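Here's the structure we're looking at; comments come further down.
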Amino acid sequence: MQHDHGHEAFWRAPDRLWPALICIDILQGDGASPAFEAKVSECSRVTRALSLHQRIREDIEGQIRSGAWPADYRVPFETELMAQYGCARMTVSKAMAALVEAGLIVRRKRAGSFVARPKVHAPVLNIPDIPSTIRSRGEAYGFRLRLSRVRSPDPALPDEVVLAAGGELLEIEGVHDAAGRPFALERRLIALVAAPDAALADLATVPPGAWLLENIAWTEAESRISAVNADAAIASLLDLHEAAACLVVDRRTWRGGEPVTRVCQIFPGEAYDLMARFGPAG
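Under our numbering, think of the first position of the sequence shown as 30, with each following residue one higher.
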């Protein structure tokens, strides 16, 4: 009994510390009473359950992040996951609750759990949904699709080769209109390895940026902002005088390290501005 009392701290330890404490006791070679051995067995069982709940979460998260399970995809029912992983309902419930908290899945009453629609996260500069931006100003939105074609990357352009990742590219050019006037010229490449359904999308009805925000979960984006004077082609498409000042936003987007899209959006200088709100560093 003295041995059991000596491990009073062990019984009271938080779950997350049990594996380490088990190892300490085993390495000390104190020997163990039957009661202590029973506790070690119980701790090992709980530790395995905790590890399994994490594995279930990571497996499901991997399917979502990779795009294998798109938005609105029904996640297997808890009973199906219990059978697949050979575990108790509580273990599956913990994993599902963590995924809900992370915003990766949503639960619908009497329907089950579904992959959440991707949300736009914008700590400094967001990925703008141009149609929503225009409509929020009370203006009619339109998109004129000028070019949509599937092609191979240009081997002389390393950025295209990297974006394509061994597959083909969907090349798109179009003009966003606000209240009947040109708002932005968009030139975009989409990696069909990352977004194969884009090749079948009706991009004349749903413009490419809006389609991507709705269908592809992104994890990282890089934006570069510059100014140019409109050349003859840009001036014609945006209804500007040649050499008029324009704002250019070049953006690249990734999903878990996999390149998804690269876009160049050109705005008339007087029609668009960028705003960011900051706090002091540290």
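No residue lacks a Cβ here, since even glycine has one placed at the ideal position from N, Cα and C.
Just so you know, these numbers come straight off a predicted model, no measurement behind them.
- [ ] Would you kindly work out how many angstroms separate the C-alpha atoms of residue 32 and residue 135, rounded to a whole number?
- [x] Here residue 32 refers to the residue found at position 3 of the sequence shown. Here residue 135 refers to the residue found at position 106 of the sequence shown. Only weak support exists for where residue 32 lies, its pLDDT of 43 falling under 50; the value from the coordinates is given anyway. So the alpha carbons of these two residues sit roughly 48 Å apart.
Open item on the list: Let's see if you can read the secondary structure: which residues bound the alpha helix (DSSP H) around residue 265?
Closed with: Residue mapping note: residue 265 aligns to position 236 of the sequence shown, counting from 1. Start and end: 261 to 267.
- [ ] Quickly, what does DSSP pair residue 249 with across the bridge? List them, please.
- [x] What you label residue 249 is simply residue 220 of the sequence shown in a count that begins at 1. DSSP, once it has assigned bridges, lists 283 as partnering residue 249.
Open item on the list: Can you find the residues in the same chain that come closer than 7 Å, C-beta to C-beta, to residue 208, ignoring five residues on each side of it along the sequence?
Closed with: As a first step, residue 208 is located in the sequence shown; it is residue number 179 there, counting from the start. Excluding sequence neighbours, residue 208 sits near 168 and 169.
Task: heavy atom of the ligand FAD below 7 Å from residue 186 C-beta - done: The model on display carries no ligand, and the ligand FAD is accordingly not part of it.
TODO: Please say whether residue 145 and residue 100 have beta carbons closer to each other than 8 Å?
DONE: By one-based count along the sequence shown, residue 100 stands at place 71. By one-based count along the sequence shown, residue 145 stands at place 116. Yes, Cβ-Cβ distance for residue 100 and residue 145 is below 8 Å.
TODO: For residue 254, collect the residues of the same chain with a Cβ closer than 6 Å to its Cβ; drop the 5 residues on either side in sequence, then sort them by chain order.
DONE: Taking the sequence shown and counting its residues from 1, one reaches residue 254 at position 225. So the list reads 278, once near-sequence residues are dropped.
Task: Spatial neighbours of residue 190 in its chain, beta-carbon cut-off 6 Å, leaving aside the 5 residues before and after - done: Looking up residue 190 in the sequence shown gives position 161. Cβ neighbours of residue 190 beyond the five flanking positions: 182.
Open item on the list: Just verifying my parser: in three-state terms, what is the DSSP assignment at residue 221?
Closed with: As a position in the sequence shown, residue 221 is number 192, starting the count at 1. Correct three-state label for residue 221: coil.
Task: DSSP three-state assignment for residue 118, whether helix, strand or coil - done: As a first step, residue 118 must be located in the sequence shown, where it is residue number 89. Here residue 118 sits in helix by DSSP.
Open item on the list: One question on the structure: do residue 287 and residue 233 come within less than 8 Å of each other, judged by their Cβ atoms?
Closed with: Residue numbering aside, residue 287 sits at position 258 when the sequence shown is read from its first letter. Residue numbering aside, residue 233 sits at position 204 when the sequence shown is read from its first letter. Contact flag unset, no.
Open item on the list: Using a Cβ distance threshold of 8 Å, determine whether the region 119 to 128 contacts the region 83 to 95, with at least three qualifying pairs required.
Closed with: yes
TODO: Could you name the residues of the same chain whose beta carbon sits closer than 6 Å to that of residue 285, not counting the 5 residues immediately before and after it, in chain order?
DONE: Against the sequence shown, residue 285 aligns to sequence position 256. Cβ neighbours of residue 285 beyond the five flanking positions: 94 and 248.
Task: Opening and closing residue of the alpha helix (DSSP H) in which residue 159 lies - done: Locating residue 159 in the sequence shown gives position 130, where the first residue counts as 1. Here the alpha helix (DSSP H) through residue 159 covers 159 to 165.
TODO: Could you tell me whether the Cβ atoms of residue 296 and residue 266 are closer together than 8 Å?
DONE: Sequence index remark: in the sequence shown, residue 296 carries index 267 (1-based). Sequence index remark: in the sequence shown, residue 266 carries index 237 (1-based). No, they are not a contact pair.
Task: Same chain only: Cβ atoms within 7 Å of residue 203, ignoring 5 sequence neighbours per side - done: Counting from one through the sequence shown, the residue named residue 203 turns up at place 174. Only 172, 173, 174, 175, 215 and 236 meet the Cβ criterion.
TODO: Please determine, among 137, 163, 91 and 188, the residue with the shortest C-alpha to C-alpha distance to residue 106.
DONE: Numbered from 1 along the sequence shown, position 77 holds the residue referred to as residue 106. Comparing Cα positions, the closest option is 137.
Open item on the list: Determine whether the beta carbon atoms of residue 198 and residue 229 lie at a separation below 8 Å.
Closed with: Along the sequence shown, read from residue 1 onward, the residue named residue 198 stands at position 169. Along the sequence shown, read from residue 1 onward, the residue named residue 229 stands at position 200. The answer is no: Cβ separation not under 8 Å.
Open item on the list: Between the alpha carbons of residue 141 and residue 104, how many angstroms are there, rounded?
Closed with: Looking up residue 141 in the sequence shown gives position 112. Looking up residue 104 in the sequence shown gives position 75. So the alpha carbons of these two residues sit roughly 7 Å apart.
Open item on the list: Going by the DSSP bridge assignment, what does residue 94 pair with across the sheet?
Closed with: Walking along the sequence shown from the start, residue 94 turns up at place 65. For residue 94, which the question treats as bridged, DSSP gives no partner whatsoever.
- [ ] On a CA-only basis, which of 112, 158 and 226 is nearest residue 212? Give me that one, please.
- [x] For the purposes of this step, residue 212 is taken as the residue at position 183 of the sequence shown. Of the candidates 112, 158 and 226, the one whose C-alpha sits nearest the C-alpha of residue 212 is 158.
Task: Straight-line gap, residue 250 to residue 269 (C-alpha atoms, nearest Å) - done: By one-based count along the sequence shown, residue 250 stands at place 221. By one-based count along the sequence shown, residue 269 stands at place 240. Each residue's Cα considered, the two are about 30 Å apart.
Open item on the list: Would residue 264 and residue 256 qualify as a contact pair, given that the criterion is a beta-carbon distance under 8 Å?
Closed with: Mapped onto the sequence shown, residue 264 falls at position 235. Mapped onto the sequence shown, residue 256 falls at position 227. No.
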